Every structure is written in C-alpha cells, then in structure tokens.
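Undergrad:
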Ligand SMILES: Nc1ncnc2c1ncn2[C@@H]1O[C@H](COP(=O)(O)OP(=O)(O)OP(=O)(O)O)[C@@H](O)[C@H]1O
Ligand code: SF4
Ligand SMILES: [Mg+2]
C-alpha cells in the first residue's frame with residue numbers, strides 16, 4: 458500500500474433491498490484519499506455520493522449489502538468488529554452533514570454534548586474538559602465561546618450550529634473528515650465562511666477531507682482532486698484543474714458545460730437529454746449509455762475500465778480504449 462494513502466476504497470458495491478427489488482446503487486467503485494488532500498466527490502442527486510460516505514463509517518441502514526474493501530491506514534473498515542469501528546468513528550474519522558440541527562440533541566447544551574465526545578472516546582485533556590471544549594469553540598471562530606458553552610442548539614444560527622459540529626468533530630483530532638454537503642443548507646455568505654474555516658482547519662489539523670458536493674464552484678475553490686460520479690459508477694477522476702479545464706468523459710463534459718462555474722442551478726443537466734436510470738434495473742455496461750451521444754455497442758455490454766489520459770487523470774469510457 459502506498460504510504461501516502463490514508464483511505465483506499467477498492468471495488469465497492471452497495472445494494473439496497475427494497476420492496477420493488479434490489480437497487481444496485483454503487484457499482485464497483487475505487488477511490489483513494491491521500492494524507493492532507495481534499496478529494497471532492499461530485500455528481501447529480503441520487504448518484505450515490507452519500508452512500509459512499511456512509512459505507513466508510515458503516516452508517517448504512519440494515520437493508521444495505523456492502524461488498525469490497527475500505528482500507529483506512531491499511532485496516533479494512535468493513536471487516537472490523539463494531540466495537541473497534543466505534544473507536545474510529547467520530548475520533549479518527551469525523552463526519553459532518555448538511556443539516557447540523559438534526560445531529561445535535563435539542564435538550565442538551567452545546568457544552569454538554571461536546572463534553573460527551575471527550576468522555577466517550579476517553580480523550581486526553583490538558584486541563585478540564587470544559588476548557589478543552591471552549592478552546593475548540595474558539596478554534597472554529599465562535600464568538601464568545603464561554604457563553605456559547607451554555608447555549609442550546611436552537612439558540613444558534615445554522616452557520617453557528619455547523620461550526621459546533623465541526624468543533625465536535627475536531628475533538629478527536631481526526632485524520633479524515635467526511636463532509637457531506639456541509640454548506641448546502643446555508644446561505645451563500647455563511648457557506649463561504651464555513652468553507653474557508655474548513656480549509657484553515659485542514660492546514661491547522663493536517664486532515665484529509667472527502668468533500669461531497671454537487672457545486673462545481675465549491676470543488677474549484679476547495680479540492681485538490683475530484684471524482685465525478687454517475688449512477689453509482691465513477692466517470693472520471695483527477696486533479697481539479699485537469700477535470701475542469703479539460704474534461705474527457707461525455708458525462709463530465711455535459712455536466713460542466715451545463716454549469717457556469719460557481720453557479721448552482723437545479724436544472725444543471727438540462728442539456729444532457731434523458732434521466733438518471735432506475736437502479737433496480739440499471740443499464741448494463743456503462744450506465745451512462747442511454748444518455749450518451751457517443752454510445753457504441755460495447756458500451757451497452759462492458760463496464761469501462763479506467764484509462765489514464767494524463768498524469769493522475771483517469772477516464773472510465775470506451776472512447777479512450779478502456
Ligand atoms: N436505505 C435505502 N434504501 C433504498 N434505496 C436507497 C437507500 N438509501 C439510498 N438509496 C438510493 O440510493 C441512491 C443513491 O442515494 P444517495 O443518497 O447516496 O445519493 P446522493 O448522491 O447522496 O444524492 P443527493 O445529492 O441527493 O444527496 C438513490 O437512488 C437512493 O434512492
Ligand atoms: S463508455 Fe460509451 S456510453 Fe459510456 S460515456 Fe463512454 S462512449 Fe458514452
Ligand atoms: Mg447525499
């Protein structure tokens with residue numbers, strides 16, 4: 458294993474059992490995240506971004522069947538007993554979500570909830586736990602942290618609550634942060650502040666970040682590399698500059714053409730005809746083939762293998778000989 462790699466996802470498959478049948482949501486994806494890097498996972502709604510994130514920490518519901526390997530510092534998280542995984546979850550790997558209110562307990566103060574993290578993970582403290590919590594609130598730039606220690610979640614704005622979630626996650630000094638649409642519930646100004654905070658913290662704490670978003674402006678601003686997903690498959694992965702300036706996969710080309718950088722629009726795929734496929738009965742081969750203007754016979758049968766088009770830039774498409 459490459460010593461630079463913190464997390465390595467190998468050939469991950471996720472199926473969900475549903476009343477209608479088995480939804481084949483993740484179709485054999487592989488990805489790696491290096492120490493200190495920000496990897497963005499981007500793709501339209503329903504393509505499986507959150508499913509990948511939740512697979513890492515084994516937070517998927519019971520109807521999920523997961524296959525493959527998720528190596529964190531060389532250990533396969535999918536094989537670990539739950540008791541071992543609990544030591545990693547919220548300590549070595551932190552996670553923040555879109556809506557921080559649902560993750561905070563309304564009946565306990567911020568200080569109370571944050572102190573719990575220190576107790577659960579038996580984290581070492583220099584002085585008292587309260588001092589450590591206030592220090593963390595300070596680190597996420599919460600004004601008047603001593604007073605906020607005694608606040609309840611409803612007394613804080615959305616942006617402040619997200620800062621609290623980030624502070625909580627920092628308590629364990631994680632080496633990996635999974636941020637699933639961390640700012641999409643916030644207004645634009647607050648969004649920018651939270652993203653800037655995450656970037657500052659990445660440097661201060663030397664964390665890697667798996668950043669899930671459908672916003673190319675956020676990717677351009679924050680990420681080192683980006684993986685583009687379509688219907689549970691990776692379409693293209695590489696350094697952000699290469700993908701944005703020189704997209705190769707027909708899906709990425711359509712996606713980026715449809716989206717002026719930094720402009721978020723629900724109709725983003727207007728000029729790629731067709732819809733995201735039903736995953737109970739997904740198209741065989743390249744799942745993009747029903748919408749792809751270049752689809753060939755082979756595309757309907759064979760799943761494309763990655764082809765390197767330039768250093769670190771991989772495309773999963775038969776047009777490139779894969
Ligand atoms: N527990 C579940 N049971 C059945 N299907 C599920 C379950 N969870 C997710 N799915 C399906 O898996 C697919 C991927 O969902 P996922 O939430 O990972 O997408 P996403 O890329 O995160 O989308 P969004 O951008 O909207 O957050 C969707 O079709 C969704 O309906
Ligand atoms: S593999 Fe075929 S269908 Fe898929 S993107 Fe490439 S050309 Fe289009
Ligand atoms: Mg999601």
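Numbering (this note's numbering), first residue to last: 458 to 779.
C-beta: ideal position from N, C-alpha, C; glycine also.
None of these values were measured; they are calculated from a predicted model.
If we ignore side chains and look at the alpha-carbon of each, how far apart do residue 553 and residue 473 end up?
TA: The residue given as residue 553 occupies position 96 in the chain shown. The residue given as residue 473 occupies position 16 in the chain shown. Each residue's alpha carbon lies about 23 Å from the other.
Undergrad: Return the CA-CA distance between residue 537 and residue 753, expressed in angstroms with no decimal places.
TA: As a first step, residue 537 is located in the chain shown; it is residue number 80 there, counting from the start. As a first step, residue 753 is located in the chain shown; it is residue number 296 there, counting from the start. About 42 Å.
Undergrad: Count the other CB atoms, across all protein chains shown, that sit within 10 Å of the CB of residue 720; report buried if there are 16 or more and exposed otherwise.
TA: In the chain shown, counting from the first residue as 1, residue 720 sits at position 263. In this prediction, residue 720 has a pLDDT of 47, which is less than 50 and means its spatial position is unreliable; nothing more can be read from the coordinates.
Undergrad: If the criterion is Cβ atoms closer than 9 Å, does the pair residue 464 and residue 517 meet it?
TA: Translated into the one-based positions of the chain shown, residue 464 becomes position 7. Translated into the one-based positions of the chain shown, residue 517 becomes position 60. Taking 9 Å as the Cβ cut-off, residue 464 and residue 517 do not qualify as a contacting pair.
Undergrad: Ligand 4 and residue 752: does any heavy atom of the ligand fall closer than 8 Å to the residue's C-beta?
TA: Ligand 4 is not part of this structure, which contains only ligand 1, ligand 2 and ligand 3.
Undergrad: Report whether the distance from the Cβ of residue 512 to the nearest heavy atom of ligand 3 is below 8 Å.
TA: Against the chain shown, residue 512 aligns to sequence position 55. No, the beta carbon of residue 512 sits no closer than 8 Å to any heavy atom of ligand 3.
Undergrad: Determine which residues share a DSSP beta bridge with residue 521 and list them.
TA: Start at 1 with the first residue of the chain shown, and residue 521 comes out as number 64. 473.
Undergrad: Where does residue 771 land, buried or exposed, given buried means 16+ other C-beta within 10 angstroms?
TA: Position 314 of the chain shown, counting from 1, holds the residue named residue 771. That one is buried.
Undergrad: Shortest alpha-carbon distance to residue 481 belongs to which of 490, 580, 469 and 489?
TA: Taking the first residue of the chain shown as 1, we reach residue 481 at position 24. Nearest C-alpha to residue 481: 469.
Undergrad: Could you tell me whether any non-hydrogen atom of ligand 2 is closer than 8 Å to the CB of residue 631?
TA: Within the chain shown, numbered from 1, the residue matching residue 631 stands at position 174. No, ligand 2 has no heavy atom inside 8 Å of this Cβ.
Undergrad: Would you verify that the beta carbon of residue 734 is, or is not, closer than 9 Å to some beta carbon of chain D?
TA: Considering every chain present, this structure includes no chain D. It has just one protein chain.
Undergrad: On the three-state DSSP scale, how would you describe residue 770?
TA: Working through the chain shown from its first residue, we reach residue 770 at position 313. Residue 770: strand per DSSP, three-state reduction.
Undergrad: Assess, as a yes-or-no matter, whether the region 595-610 is touched by the region 476-493 under the definition of 3 or more beta carbon pairs within less than 8 Å.
TA: Counting Cβ pairs under 8 Å, fewer than three are found: no touch.
Undergrad: Out of 476, 475 and 494, point me to the one whose CA is closest to residue 680's CA.
TA: Counting from one through the chain shown, the residue named residue 680 turns up at place 223. With distances taken between Cα atoms, residue 680 lies closest to 494.
Undergrad: Any heavy atom of ligand 3 closer than 8 Å to the CB of residue 669?
TA: Residue 669 sits at position 212 when you count from the first residue of the chain shown. Yes - ligand 3 has a heavy atom lying nearer than 8 Å to the Cβ of residue 669.
Undergrad: Quick one, are the C-beta atoms of residue 499 and residue 673 less than 9 Å apart?
TA: In the chain shown, residue 499 corresponds to position 42, counting from 1. In the chain shown, residue 673 corresponds to position 216, counting from 1. Cβ distance < 9 Å, so residue 499 and residue 673 count as in contact.
Undergrad: Compare the beta carbon distance of residue 628 and residue 683 with 9 Å and say whether it is the shorter of the two.
TA: As a position in the chain shown, residue 628 is number 171, starting the count at 1. As a position in the chain shown, residue 683 is number 226, starting the count at 1. Taking 9 Å as the Cβ cut-off, residue 628 and residue 683 do not qualify as a contacting pair.
Undergrad: Measure the C-alpha to C-alpha separation of residue 694 and residue 650 and round it to an integer number of angstroms.
TA: Here residue 694 refers to the residue found at position 237 when the chain shown is read from its first residue. Here residue 650 refers to the residue found at position 193 when the chain shown is read from its first residue. If I take the Cα positions, the gap works out to 27 Å.
Undergrad: Taking all protein chains shown into account, do 16 or more other C-beta atoms lie within 10 angstroms of the C-beta of residue 687, making it buried, or fewer, making it exposed?
TA: Here residue 687 is taken as the residue at index 230 of the chain shown, counted from 1. By the neighbour-count rule (16 or more Cβ atoms within 10 Å), residue 687 is buried.
Undergrad: Which word fits residue 458, buried or exposed, when buried means at least 16 other C-beta atoms lie within 10 angstroms of its C-beta?
TA: The residue given as residue 458 occupies position 1 in the chain shown. A caution first: residue 458 carries a pLDDT of 49, below 50, which makes its placement in the model unreliable, though a value can still be read off. Result: exposed.
Undergrad: Is residue 584 buried or exposed, if buried means 16 or more other CB atoms sit within 10 Å of its CB?
TA: For the purposes of this step, residue 584 is taken as the residue at position 127 of the chain shown. So residue 584 ends up on the exposed side.
Undergrad: Flag this pair as yes or no: are the beta carbons of residue 514 and residue 550 separated by less than 9 Å?
TA: Counting from 1 along the chain shown, the entry for residue 514 is found at position 57. Counting from 1 along the chain shown, the entry for residue 550 is found at position 93. It is a contact, given that the beta carbons lie within the stated cut-off.
Undergrad: Among the residues of its own chain, which have a CB less than 6 Å from the CB of residue 708, if the five just before and after it don't count?
TA: Numbered from its first residue, the chain shown carries residue 708 at position 251. Hits under 6 Å: 687, 692 and 745.
Undergrad: Per the DSSP calculation, residue 563 is bridged to which residue(s)?
TA: For the purposes of this step, residue 563 is identified with residue 106 of the chain shown, where counting begins at 1. The partner list for residue 563 (beta bridge, DSSP) is empty, contrary to what the question assumes.
Undergrad: Let me make sure I understand the geometry here. Which of 596, 484, 461 and 512 has the alpha-carbon closest to that of residue 530?
TA: If you number the chain shown from 1, residue 530 lands on position 73. Taking only the C-alpha atoms, the option nearest residue 530 is 461.
Undergrad: Please say whether residue 740 and residue 714 have beta carbons closer to each other than 9 Å?
TA: Residue 714 sits at position 257 when you count from the first residue of the chain shown. Residue 740 sits at position 283 when you count from the first residue of the chain shown. No. Outside cutoff.
Undergrad: Please report how far the alpha carbon of residue 648 lies from the alpha carbon of residue 668, in whole angstroms.
TA: As a first step, residue 648 is located in the chain shown; it is residue number 191 there, counting from the start. As a first step, residue 668 is located in the chain shown; it is residue number 211 there, counting from the start. Looking at the two C-alpha atoms, the distance is approximately 14 Å.
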